[in-house]
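Under our numbering, the letters of the sequence shown match residues 286 to 389, in that order.
The beta-carbon is built from N, C-alpha and C at its ideal position, and this holds for glycine as well.
Below is one structure, written out as structure tokens, with a few remarks after it.
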Amino acid sequence: MYNEIIDQLCNLTIDKEVRWQTIDNLIVDGRPYSQHFQHILPNKSFFTEYNGKEIVVLYGEMGGLFDDQIIGQYFIQEISGNQVYQLEVPEQNIVKLHTIITLS
């Protein structure tokens, strides 16, 4: 089900039918959503409204504990009211959507 939503969001983004903003423009619990995280990069994390809910695509980085390697990870969430839901989507599909958002 969520993979279908990802495909629809990819197509809508390519067709410029949805507008993505960075998460510092999304207010959740009275403050910018970017302030809710330590390792999420607000300038590389986006949200849009889709079917009356906010869809959030997050990108975060962490340094390794024993080496200098940086590990990046992608997440997708749905926000309805003040409730945040993690969507179970393969990371490769989130990366695809994130790439399309970044390039559009």
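**Message:** Would PHE322 and ILE386 qualify as a contact pair, given that the criterion is a beta-carbon distance under 7 Å?
**Reply:** no
**Item:** Nearest-angstrom Cβ-Cβ length linking LEU382 and ILE308, presumed shorter than 8 Å
**Value:** Rounded, the Cβ-Cβ distance is 15 Å, inconsistent with contact.
**Start-to-end residues for the beta strand (DSSP E) that takes in LEU326** = Neither: LEU326 is in no beta strand (DSSP E) and is coded neither H nor E.
**Request:** Please confirm if the region 331-344 is in contact with the region 294-310, defined as three or more CB-CB distances below 8 Å between the two stretches.
**Result:** Counting Cβ pairs under 8 Å, three or more are found: they touch.
**Request:** Classify ILE361 as buried or exposed, calling it buried when 16 or more other Cβ atoms lie within 10 Å of its own Cβ.
**Result:** So ILE361 ends up on the buried side.
**Item:** Whole-angstrom distance between VAL342 and ASN367, CA atom to CA atom
**Value:** 17 Å
**Asked** What three-state label does DSSP hand LEU311 in the structure shown?
**Response** coil
**Prompt:** Apart from the five residues on each side of it in sequence, which residues of its chain come closer than 7 Å, Cβ to Cβ, to VAL369?
**Reply:** GLN362
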